[in-house]
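Under my numbering, the first residue of the sequence shown is numbered 8, with each subsequent residue one higher.
C-beta: ideal position from N, C-alpha, C; glycine also.
Notes to accompany the following structure.
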Amino acid sequence: MNTLSVCIISDNEESNLTRCLKSLEEIADEIILIDIGFTDYTSKIAERFNAKVIKFPWNNNYSSARNKALEVAKMDWILSINSNESLDTSQINNLKKILSKSSYIGYKLKVINIIDNKNFDGGYFLRIIRNKSGFYYKGRINEVLYNKNDYLNKIKNTDYYIYNFSLNDNNSNILENSNSRISIYEKYETKEKDIIYYYNLGNEYYIIRNYNSAIENYLISISLSTNFYINSYLNLLIIKSYYNMKEYKKAIEFYNKNNYRYFREIYLLISFCFKIENDIDKYKEYMKSYLIKAETNILMGFSLEYLNSNNILLESFGFNINNLLEYFSANYKI
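Below is the structure:
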């Protein structure tokens, strides 16, 4: 059995939806589009592709909308995809084959982020699940699939691609999306606000270049964490925020106040700060530290594309703070 329901959550996505739906034509037996309040031509586009449009009263909770889609999906398998994404159509025949003879209950697809018209590996995400196998979404935003049963050994990573174009939108769309997510975060109750909440909220402020608010939330995350690696990463984000603000002295002062320095890029950014402040000896000292650490591969390295960007987060390059220790254990000696 290998029939496939495709579930899409959408508001006003007329500029992206056609590309998404075209990529599904050869694989989808059913397309379910959850309408969370679009006012443009999204519904008319969906009708051209015989999508089933279901109006869903928006309650500031993406998981509720996604769970509604899971509820009404009728086929053997379910693919969750966003309207600003598309499948790699060259891989569809092979994808059909693995679903037709599978013993797994889910597949992770590789997300390729399109940033400035370049491809970047965004990591693996669980996007295809067997219908009626106990999966459900949790989280108002940045929603994640859970299962009432132990399922990790029943999930397989694949190199079938989903292309994500959300970071390739014009700047106004990116800002609008982040502001929308911030409005959802602001509705969280106090008991829901943990380290990941403040980290994610900081990221949204970072994207819209409100770096002071980003730093404020990253600092709260640090205060709630005892994890050296997570705090080192948060420190990198804070130093990068100061760097983007051209507050080079503040970046140096912050660096000197703490010992969370696991990431080699911290040394690189601090060296740049000293150079701009015309302290050439310190610039050379920290640049040398960075190069030594890069050469010995003691510290994990991030793409210079990331370091050079002002409003792109490391998650766009496949990093996931939720799995930080697992990530390091699998890839680096710690």
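query                                                                                                                                                                              : result
Within the stretch 132-193, note down every full beta strand (DSSP E) run reaching 3 residues or more, in order along the chain.                                                   : 142-145, 151-154, 162-171
Once you ignore the five residues that flank arginine 268 on each side, which residues in its own chain have a CB closer than 8 angstroms to its CB?                               : Ser239, Asn242, Tyr262, Tyr274
Check whether the stretch 23-39 and the stretch 107-127 are in contact - that is, three or more C-beta pairs closer than 8 angstroms.                                              : no
Go ahead and pull the three-state DSSP assignment for glycine 130.                                                                                                                 : strand
Got a sec, what are the start and stop residues for the beta strand (DSSP E) glycine 209 sits in?                                                                                  : That residue, glycine 209, is in no beta strand (DSSP E); its alpha helix (DSSP H) goes 202-214.
In terms of residue numbering, what span does the beta strand (DSSP E) encompassing lysine 343 cover?                                                                              : As shown, the chain starts at 8 and ends at 341. That puts residue 343 outside it, with no answer to give.
In this structure, does DSSP put serine 50 in helix, strand or coil?                                                                                                               : helix
Quick one: measure Cβ to Cβ for leucine 276 and isoleucine 229, integer angstroms, because I've assumed they're closer than 8 angstroms.                                           : Rounded, the Cβ-Cβ distance is 17 angstroms, inconsistent with contact.
Using only alpha-carbon positions, find the residue among Arg73, Met82, Asn120 that is nearest to leucine 174.                                                                     : Asn120
In angstroms, rounded to a whole number, what distance separates the CA positions of lysine 29 and asparagine 100?                                                                 : 15 angstroms
Leaving out five residues on either side along the sequence, give the residues of the same chain with a beta carbon under 7 angstroms from the beta carbon of asparagine 265.      : Asn242
Under 8 angstroms, do lysine 62 and aspartate 47 count as touching if we go by C-beta distance?                                                                                    : no
Using a threshold of 8 angstroms, state whether the C-beta atoms of serine 50 and valine 60 are closer than that.                                                                  : yes
How long is the line joining the alpha carbons of tyrosine 167 and asparagine 149, rounded to whole angstroms?                                                                     : 22 angstroms
Just to confirm my understanding: we take glycine 75, look at its own chain, exclude 5 residues before and 5 after, and list those with CB closer than 8 angstroms. What are they? : In the sequence as displayed, the identity of residue 75 is lysine instead of glycine. Correct list, in chain order: Ile41, Ile61, Phe63.
Quick one: Cα of glycine 209 to Cα of serine 190, how far?                                                                                                                         : 13 angstroms
With a threshold of 8 angstroms on Cβ separation, who are the neighbours of glycine 308 within its own chain once the five nearest residues in sequence on each side are excluded? : Reliability fails at glycine 308, whose pLDDT of 47 lies under 50, so the model's placement of it is uncertain and the value that follows must be treated cautiously. Within the same chain, glycine 308 has close Cβ partners Arg271, Glu272, Ala301.
I need the straight-line Cα distance from asparagine 156 to serine 248, nearest angstrom please.                                                                                   : 41 angstroms
How long is the line joining the alpha carbons of glutamate 183 and tryptophan 65, rounded to whole angstroms?                                                                     : 17 angstroms
Using only the alpha-carbon positions, how far apart do leucine 77 and asparagine 138 sit?                                                                                         : 8 angstroms
Mark glycine 141 as exposed unless 16 or more other C-beta atoms lie within 10 angstroms of its C-beta, in which case mark it buried.                                              : exposed
Does the structure place the stretch 125-138 close enough to the stretch 82-98 that three or more beta carbon pairs sit under 8 angstroms?                                         : yes
Do glutamate 211 and tyrosine 192 have their C-beta atoms within less than 8 angstroms of each other?                                                                              : yes
Is it buried or exposed for asparagine 91, if we count other Cβ within 10 angstroms and need 16 for buried?                                                                        : buried
Nearest-angstrom Cα distance between leucine 106 and tyrosine 153?                                                                                                                 : 21 angstroms
Could you work out which residue in Lys282, Ser278, Ser17, Glu199 is closest to methionine 294 when comparing CA atoms only?                                                       : Ser278
Determine the burial state of serine 97: buried for a count of at least 16 other Cβ atoms within 10 Å of its Cβ, exposed for fewer.                                                : exposed
Report whether the distance from the Cβ of serine 187 to the nearest heavy atom of the ligand COA is below 7 angstroms.                                                            : For the structure depicted, the ligand COA is absent and the ligand set is empty, with no information on it obtainable.
Note down, in chain order, each residue of its chain lying with its Cβ closer than 6 angstroms to the Cβ of asparagine 164, except the 5 sequence neighbours on either side.       : Lys115, Tyr131
Round the Cβ separation of glycine 129 and asparagine 180 to the nearest angstrom and send it over; I've been treating them as touching at under 8 angstroms.                      : Not really, about 18 angstroms apart at Cβ, beyond 8 angstroms.
How long is the line joining the alpha carbons of asparagine 23 and isoleucine 52, rounded to whole angstroms?                                                                     : 10 angstroms
Consult DSSP for leucine 11 and reduce its assignment to one of helix, strand or coil.                                                                                             : strand
Alpha carbon to alpha carbon, what distance is there between isoleucine 214 and lysine 253?                                                                                        : 16 angstroms
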